[in-house]
Amino acid sequence: MTHLSLQNNLISDVVPLSSLTNLTSLELSSNLISDVSALSGLNKLTRLNLGGSNFTDLSSLSGFTNLSVLRLHGNGITDVSPLSGLTNLRVLELNDNNLTDVSPLSGLTNLTFLGLGRNLVSDVSALSNLPNLTLLGLFDNLISDVSALSNLTNLTLLLLSNNIISNLSPLVANTGLGSGDEVDVRNNPLSTTSLNTHIPALQGRGVTVRFGAEKPGVVDNQEPRMGSLLPEEREYNSLRR
Numbered sequence: 106m107t108h109l110s111l112q113n114n115l116i117s118d119v120v121p122l123s124s125l126t127n128l129t130s131l132e133l134s135s136n137l138i139s140d141v142s143a144l145s146g147l148n149k150l151t152r153l154n155l156g157g158s159n160f161t162d163l164s165s166l167s168g169f170t171n172l173s174v175l176r177l178h179g180n181g182i183t184d185v186s187p188l189s190g191l192t193n194l195r196v197l198e199l200n201d202n203n204l205t206d207v208s209p210l211s212g213l214t215n216l217t218f219l220g221l222g223r224n225l226v227s228d229v230s231a232l233s234n235l236p237n238l239t240l241l242g243l244f245d246n247l248i249s250d251v252s253a254l255s256n257l258t259n260l261t262l263l264l265l266s267n268n269i270i271s272n273l274s275p276l277v278a279n280t281g282l283g284s285g286d287e288v289d290v291r292n293n294p295l296s297t298t299s300l301n302t303h304i305p306a307l308q309g310r311g312v313t314v315r316f317g318a319e320k321p322g323v324v325d326n327q328e329p330r331m332g333s334l335l336p337e338e339r340e341y342n343s344l345r346r
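In structure tokens form, the structure reads like this:
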């Protein structure tokens, strides 16, 4: 057996899974798991989902260096420093936590997909070291300065709604943003210059820019869905919802 799905149970003890050494993918979301150190011998494991499992202490994950996909959304996490050595990560989903400091993620240079929506992040300067990012979710945070995003030239989808951003010039300076790419800056206090100059400049390069106020109760069928843009992640729909 290489894939095992045990989501939506009341599992708190993962020791019985420790002998499943052929596992490559393990789905444990929506459980009651606080420690996965018993699984450290699963050397073939590359995909792990612990979302919504009350998994607040990440220290038992520090040895899972073969992981390429890690889902930790909705756990009330405050410290991601145990993830700093997981340099094979390509997909990291940390939406709906209580993060303020994302600097421990600065060395995860293989990341292409990073979800940090609905946290308490104000400083994203550490993300400037992640040049391979293509999908980045930073919606519903406390971000005012997006200068660090100017050199993330591989971005194709950038979600920045519901922050306190006024200046979009760093996005204009990002020479990689162009035809087919999408940027969402709705519900931000954008300056007149950003509205009249920066957004038209991005649009002129073929970037789809979503701005203004989101309308409560209105479903936008064209809304970017980070999960759906990764073929292997289609089971995870919008990271915005």
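Residue numbers 106 to 346, in this note's numbering, belong to the letters of the sequence shown in order. In this text, a Cβ means the ideal position worked out from N, Cα and C, and glycines have one as well.
- For valine 141, the three-state secondary structure derived from DSSP is coil.
- When the five nearest sequence neighbours on each side are left out, the beta carbons in the same chain lying within less than 7 Å of the beta carbon of leucine 238 are those of Leu216, Thr217, Leu219, Leu257, Asn259 and Leu260, in order along the chain.
- As summarised for the region 124–177, the continuous beta strand (DSSP E) elements at least 3 residues long and confined to that stretch are 130–132, 152–154 and 174–176, given in chain order.
- Distance check between serine 110 and each of Leu155, Ser145, Asp140 and Ala143 places Leu155 closest, using alpha-carbon atoms only.
- In the same chain as asparagine 114, and ignoring 5 residues on each side of it, the C-beta atoms closer than 6 Å to its own belong to Asn136, in chain order.
- Beta-bridge annotation (DSSP): glutamate 319 is not paired with any residue.
- Judged by DSSP in its simplified three-state form, leucine 276 adopts helix.
- One thing to note: valine 277 has its Cβ no nearer than 9 Å to the Cβ of isoleucine 248.
- Threonine 161 and arginine 291 have their C-alpha atoms some 30 Å from each other.
- Distance from the CA atom of threonine 302 to the CA atom of aspartate 118, rounded to whole angstroms, is 55 Å.
- DSSP lists no beta-bridge partner residue for glycine 281.
- Closest in C-alpha terms to valine 251, from the list Leu131, Val312 and Ser299, comes Ser299.
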